[in-house]
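Working notes, structure below.
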Amino acid sequence: MADPIIIAVPKGRILEEALPLLEKAGIVPEAAFADPDSRALRFATNRADISLIRVRAFDVATFVAHGAAQLGLVGSDVLMEFDYSEIYAPVDLDIGHCRVSVAEPVAMAAGDDPREWSHVRVATKYPHLTKRHFEARGVQAECVKLNGAMEIAPVLGLAGRIVDLVSSGRTLKENGLVEVEVIAQVSTRLIVNRAAFKTRAAIIGPLVEAFRRAVEVRDAA
Numbered sequence: 001m002a003d004p005i006i007i008a009v010p011k012g013r014i015l016e017e018a019l020p021l022l023e024k025a026g027i028v029p030e031a032a033f034a035d036p037d038s039r040a041l042r043f044a045t046n047r048a049d050i051s052l053i054r055v056r057a058f059d060v061a062t063f064v065a066h067g068a069a070q071l072g073l074v075g076s077d078v079l080m081e082f083d084y085s086e087i088y089a090p091v092d093l094d095i096g097h098c099r100v101s102v103a104e105p106v107a108m109a110a111g112d113d114p115r116e117w118s119h120v121r122v123a124t125k126y127p128h129l130t131k132r133h134f135e136a137r138g139v140q141a142e143c144v145k146l147n148g149a150m151e152i153a154p155v156l157g158l159a160g161r162i163v164d165l166v167s168s169g170r171t172l173k174e175n176g177l178v179e180v181e182v183i184a185q186v187s188t189r190l191i192v193n194r195a196a197f198k199t200r201a202a203i204i205g206p207l208v209e210a211f212r213r214a215v216e217v218r219d220a221a
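First residue of the sequence shown: 1, per UniProt numbering; consecutive thereafter.
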C-alpha cells in the first residue's frame with residue numbers, strides 16, 4: 001500500500017475555520033487533532049490513505065514545497081513571502097481573512113504621508129514581501145526580521161514602523177500603533193506539491209476537487 005497523503009494544516013486561528021471545510025471535503029480527523037493541548041504533530045483521519053500534520057503556519061509551505069507533505073492549507077501571506085516554485089495553489093478556501101499592513105505609532109502617523117516615503121526601516125516577519133512591495137514604489141526598505149512581538153519594536157526604537165498581519169486591529173491599538181498602508185489582502189489557500197500532483201494524480205486530483213466543492217457548498221448555504 002502506498003504511503004498516506006499528508007495534508008499540512010497550520011496551528012492557530014486558521015485551524016478552527018478549516019475543520020468544517022475538511023469535513024465537507026470528506027476528511028474527518030481523529031479527536032486529538034482539534035485539541036489545542038495535544039502535543040502530537042501527526043494525526044489519523046477517517047481515511048486510511050490520508051493523514052494530517054499540524055505545524056506552524058510559516059512551515060506549512062516549506063513542508064509542501066519539499067514534498068514532506070503533499071497538500072497544505074496556508075495563508076496567501078506565506079505564499080507571497082516564500083514564493084516557492086514547487087507549490088501550486090489551486091483553491092482559495094475563502095477563510096482566514098486578514099491583511100498585511102504597514103503600521104506606525106499614532107503620533108508619527110498624525111503628520112505622515114506614505115506617498116512621500118523614500119526610505120523606511122520596518123520590523124517584520126515578511127522581509128521579502130515587504131522589500132518587493134516598497135521596491136515597486138521606489139522606496140528603499142530596511143527590514144529587521146522578527147518572528148513575533150512586532151508591535152513593541154517602534155516603542156523600543158528597533159524600527160520606526162512594522163509590517164504585520166492585521167485582522168481586527170486590536171493588537172495595534174493596544175500598543176499605540178495605527179495602520180497606514182495595506183500591502184495585501186490575505187485568505188487561506190489549498191496548496192499542492194507540483195511533483196506529487198503529477199505522480200499521485202489519482203488521489204490528489206479528486207482531493208482538490210473535493211475542497212473546491214466544499215467551498216462552493218459552504219458559500220451556497
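Cβ coordinates follow ideal geometry from the N, Cα and C atoms, glycine included.
Small disclaimer: the values here were computed from a predicted structure and weren't measured.
DSSP three-state label for residue i, please.
i: SER51; result: strand
i: VAL192; result: strand
i: ALA141; result: strand
i: ARG200; result: coil
i: ALA2; result: coil
i: GLU220; result: It should be pointed out that residue 220 corresponds to Ala in this sequence rather than to Glu. Three-state result, ALA220: helix.
i: VAL155; result: coil
i: ALA110; result: coil
i: ALA184; result: strand
i: LEU146; result: coil
Just how far apart, CA to CA, sit residue i and residue j?
i: ARG189; j: GLU81; result: 14 Å
i: LEU165; j: GLY72; result: 20 Å
i: GLU151; j: ALA201; result: 44 Å
i: ALA220; j: ALA110; result: 43 Å
i: TYR126; j: VAL74; result: 15 Å
i: ALA48; j: ASP83; result: 32 Å
i: ALA2; j: THR62; result: 23 Å
i: ALA34; j: GLU16; result: 8 Å
i: VAL192; j: GLN185; result: 21 Å
i: LEU146; j: SER38; result: 27 Å
i: THR199; j: GLN70; result: 11 Å
i: PHE43; j: PHE197; result: 22 Å
i: PRO105; j: VAL144; result: 17 Å
i: VAL78; j: ILE5; result: 22 Å
i: LEU22; j: ALA153; result: 37 Å
i: ARG115; j: GLU174; result: 26 Å
i: LYS11; j: VAL28; result: 17 Å
i: LEU19; j: GLY148; result: 26 Å
i: GLU135; j: GLU30; result: 46 Å
i: ASP113; j: GLY176; result: 18 Å
Please return the same chain residues whose Cβ sits closer than 6 Å to the Cβ of residue i, not counting the five positions on each side in sequence.
i: ALA25; result: ALA210, PHE211, ALA214
i: LEU142; result: Reading off the sequence, residue 142 comes out as Glu, not Leu. So the qualifying residues of the chain are ARG121.
i: ILE7; result: LEU52, LEU71
In chain order, what residues of the same chain lie with their CB nearer than 8 Å to the CB of residue i, ignoring the 5 residues before and after it?
i: ALA195; result: GLY67, GLU86
i: SER187; result: GLY75, SER76, ASP92, LEU93, ASP94, ILE95, GLY96, HIS97
i: ILE183; result: ARG99, VAL100, SER101, VAL102, LEU129, THR130, HIS133, VAL163
i: VAL139; result: TRP117, SER118, HIS119, VAL120
i: ALA57; result: PRO10, LYS11, GLY12, ILE14, VAL74, GLY75, VAL78
Across which residues does DSSP place residue i in a beta bridge pair?
i: GLU179; result: ALA103
i: PRO10; result: VAL55
i: ARG161; result: VAL122
i: VAL166; result: ARG99
In its own chain, which residues sit with a C-beta less than 7 Å from the C-beta of residue i, not counting the 5 before and 5 after it?
i: ARG13; result: GLY96
i: GLY169; result: GLU179
i: ALA40; result: ALA32
i: ARG171; result: It should be noted that the sequence gives Thr, not Arg, for residue 171. Taken in chain order, the residues that qualify are GLU151.
For chain C, find out if any of its Cβ atoms is closer than 8 Å to the Cβ of residue i; answer yes or no.
i: TYR126; result: The structure shown contains no chain C; it is built from a single protein chain.
Exercise for the section: Output the residue ranges of the beta strand (DSSP E) runs that lie fully inside the stretch 22-104 and measure 3 residues or longer, sorted by chain position. Expected result: 42-44, 50-55, 71-75, 87-92
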